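Sequence positions in the sequence shown follow the numbering used here and run 863 to 1184.
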Amino acid sequence: MKRIIFLFLIAVLLTACAPAGEASSSGVQAWVDQPVTGTVLPVGTFTLKAHARHASGSGVNKIEFLVNGVSVGAVDTDASAPLVYAETAWNASTPGRYQISVRAFAGAESAESAIVSVCVSQEVSQAGFAADGSCGSFEQIPPAADSPTVTPEPGQDQQNQPATPPTATFTSAPANQNPPTATFTAVPPTFTSVPPTFTSAPADTTGPDIKSLYHSAPGYYGGCGSTFTMQAIGVTDPSGIASVTFGYQYEGGSVSGYYTASGSSVGNSTYELTIDNNSGNQAYNTLQGANGFIRWYVEARDNAGNSTTISDQVGEILYCPG
C-alpha cells in the first residue's frame, strides 16, 4: 500500500511540473487572450477570446473553449492561416471560482492552453482585478445576526405574573413647622488655560507601491490584429496617485526609441495601456516584417512628487501578414 501511495505522489509531482501553454509534440500551441488570471467578473455574459497556431505554419482548424474542463463552445477556423483567432460568449451566471482554458485542433492533433483562474462575483458591476489575485473578499457571507434573548429575573415565574399591576400606597411625611433656611456661599470660578498641542504628519518621501505587472502574450503586427496590453496592478500611495506612465520600445534587427503614453485607470487600483502596433508603422519600421520583442516599463507618481519605476518587462511581438 505504501508503494502505491509513493508512486501516486511521484505522478502528481511530475504532472505539476509540466509547462502550460507551450507547443505540444504535435506542434499545436494555444493560449487564452481574455480574460487573464486574477480577473473578477460580474454575473452575466462574458466574451472569451483565444489564439492558436501550428509550428508548421498552418493547419489549426478548430478552437474549443473549456470552463472547469467542460466545453462551452467551439469555433471552426481557417486551417490555411498561420495564426487563427476565436471567441465565444460564456454565461457566467453563478458566483464562484472558475478555470478557463482552450484546446486547439489540427486534424487529429490537439493541444490545450495554460489555465486562467477567474472569479465571478455579485459584488462587482464591471470586470476588474483583485489586488491580491484572489476573490476571497467577494465571497464572504456576513453572519446572521443573533436574536436578542430576554432573561427573567431570578425567582420570577413569567406565566404566573398577575394581570393587574400592584397599587402603590403613598404616606405623606408630617409638615415641618420651621423649614430650614438656605445659606449660599459664593465661590469664584477658577480658569486654567491649556495651550493646544499640534503634531505635524510626517512627510511622504516614498514612491507608490506597485503590486504586480502584466502584459498580453504575444502581441502582433501586420494583418492578424495589432494590439498589445500592458497593466500595472495594485498601484497605491497614501498621498494619492497623480499619474501612471507606460514606456515601450521595439527590438529586433534594430532597436527603436522609447514611446510613452499615460495609462488609464480600470478600477481596483489597476492601470493599463493598450497600444496599436500598426499605428504609425511603429513596429514595422523596426522589425521590418520579422518577429521580435517589445520591452516596456511603468512609472507611477504620487501627489507628493515621489515616483516608482519598474522596467525591463519583455513581451513577444510576431509578424502576421494579412
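C-beta: ideal position from N, C-alpha, C; glycine also. Quantities reported herein were computed from a predicted structural model and do not represent experimental measurements.
Between the alpha carbons of residue i and residue j, how many angstroms are there, rounded?
{"i": "L910", "j": "F1060", "result": "56 Å"}
{"i": "D1071", "j": "G969", "result": "48 Å"}
{"i": "N1143", "j": "S1116", "result": "14 Å"}
{"i": "T803", "j": "K1073", "result": "No answer is possible for residue 803: it lies beyond the span of the chain, which begins at 863 and ends at 1184."}
{"i": "V978", "j": "I1103", "result": "29 Å"}
{"i": "P1064", "j": "S1124", "result": "30 Å"}
{"i": "V980", "j": "P1058", "result": "53 Å"}
{"i": "N1168", "j": "G1069", "result": "5 Å"}
{"i": "T1098", "j": "S1127", "result": "12 Å"}
{"i": "Y1121", "j": "G1109", "result": "5 Å"}
{"i": "R1157", "j": "S1062", "result": "43 Å"}
{"i": "R1222", "j": "L928", "result": "One cannot answer for residue 1222 here, as it falls past the ends of the chain, which runs 863 to 1184."}
{"i": "T950", "j": "N1147", "result": "34 Å"}
{"i": "S1141", "j": "G1087", "result": "12 Å"}
{"i": "W952", "j": "F1090", "result": "23 Å"}
{"i": "L1075", "j": "L1149", "result": "25 Å"}
{"i": "R1163", "j": "P1100", "result": "12 Å"}
{"i": "T1136", "j": "V1056", "result": "59 Å"}
{"i": "V986", "j": "T899", "result": "17 Å"}
Look at residue i and residue j and say whether their C-beta atoms are less than 8 Å apart.
{"i": "V902", "j": "F991", "result": "yes"}
{"i": "I922", "j": "A941", "result": "For the record, residue 922 in the displayed sequence is Val; it is not Ile. In contact: V922 and A941 (Cβ atoms closer than 8 Å)."}
{"i": "A954", "j": "G906", "result": "yes"}
{"i": "T890", "j": "S972", "result": "First, the residue type needs correcting, since residue 890 is Val and not Thr in the sequence shown. For V890 and S972, yes; Cβs fall inside 8 Å."}
{"i": "I1172", "j": "Y1159", "result": "yes"}
{"i": "L945", "j": "R965", "result": "no"}
{"i": "G1081", "j": "G1177", "result": "yes"}
{"i": "I1095", "j": "T1054", "result": "no"}
{"i": "G1154", "j": "G1114", "result": "yes"}
{"i": "A1079", "j": "W893", "result": "yes"}
Which residues in the same chain have their Cβ closer than 7 Å to the Cβ of residue i, if we skip the five residues on either side of it in sequence?
{"i": "A1145", "result": "Y1083, Y1112, N1139, I1179"}
{"i": "A943", "result": "S920"}
{"i": "T939", "result": "V922, N923, K924, I925, V946, A948"}
Between which residues of its own chain and residue i is the CB-CB distance below 8 Å, once the five residues before and five after are set aside?
{"i": "Q988", "result": "P904, G1129"}
Can you give me the start and stop residues for the beta strand (DSSP E) that residue i sits inside?
{"i": "Q1144", "result": "Segment 1144-1149 is the alpha helix (DSSP H) holding Q1144; no beta strand (DSSP E) there."}
{"i": "T1098", "result": "1089-1098"}
{"i": "I1156", "result": "1154-1164"}
{"i": "F927", "result": "924-929"}
{"i": "F1060", "result": "Where F1060 is concerned, there is no enclosing beta strand (DSSP E), given that its DSSP letter is neither H nor E."}
{"i": "G1109", "result": "1103-1113"}
{"i": "T899", "result": "From DSSP, T899 is part of no beta strand (DSSP E); its letter is neither H nor E."}
{"i": "Y1120", "result": "It is not in any beta strand (DSSP E) - Y1120 carries neither H nor E in the DSSP assignment."}
{"i": "T1067", "result": "Element bounds for T1067: n/a, residue is neither H nor E."}
{"i": "I962", "result": "958-968"}
{"i": "N953", "result": "945-954"}
{"i": "G1129", "result": "1126-1129"}
{"i": "A973", "result": "971-974"}
{"i": "G1081", "result": "1081-1084"}
Helix, strand or coil: how does DSSP classify residue i here?
{"i": "Q1002", "result": "In this predicted model, Q1002 has a pLDDT of only 38, less than 50, meaning its place in the structure is not dependable; the value taken from the coordinates is given anyway. Of the three classes helix, strand and coil, the one that applies to Q1002 here is coil, per DSSP."}
{"i": "S1141", "result": "helix"}
{"i": "T939", "result": "coil"}
{"i": "G906", "result": "strand"}
{"i": "E985", "result": "coil"}
{"i": "A1172", "result": "The sequence shown places Ile at residue 1172, not Ala. If DSSP states are grouped into helix, strand and coil, I1172 belongs with the strands."}
{"i": "T1054", "result": "coil"}
{"i": "A914", "result": "strand"}
{"i": "S920", "result": "coil"}
{"i": "S887", "result": "coil"}
{"i": "T1047", "result": "coil"}
{"i": "A1187", "result": "One cannot answer for residue 1187 here, as it falls past the ends of the chain, which runs 863 to 1184."}
{"i": "E1178", "result": "strand"}
{"i": "S933", "result": "strand"}
{"i": "S979", "result": "strand"}
{"i": "G990", "result": "strand"}
{"i": "S1074", "result": "strand"}
{"i": "L869", "result": "Below a pLDDT of 50, predicted positions are generally treated as unreliable, and L869, at 37, falls in that range; the measurement from the model is reported next regardless. Three-state DSSP puts L869 in a helix."}
So, for residue i: in the same chain, excluding its five sequence neighbours on each side, which residues have a beta-carbon less than 6 Å away from its beta-carbon?
{"i": "P957", "result": "V982, S983, Q984"}
{"i": "Q896", "result": "K911"}
{"i": "Q1021", "result": "Per-residue confidence for Q1021 stands at a pLDDT of 44, beneath the threshold of 50, marking its modelled position as unreliable; the derived number appears in the next sentence. Closer than 6 Å at Cβ, skipping near neighbours: no residue."}
{"i": "T1011", "result": "Here the model assigns T1011 a pLDDT of 41, short of 50, so the residue's position is not dependable, and the following value carries that caveat. Excluding residues within five positions, none has a Cβ falling inside 6 Å."}
{"i": "Q961", "result": "N930, I977, S979"}
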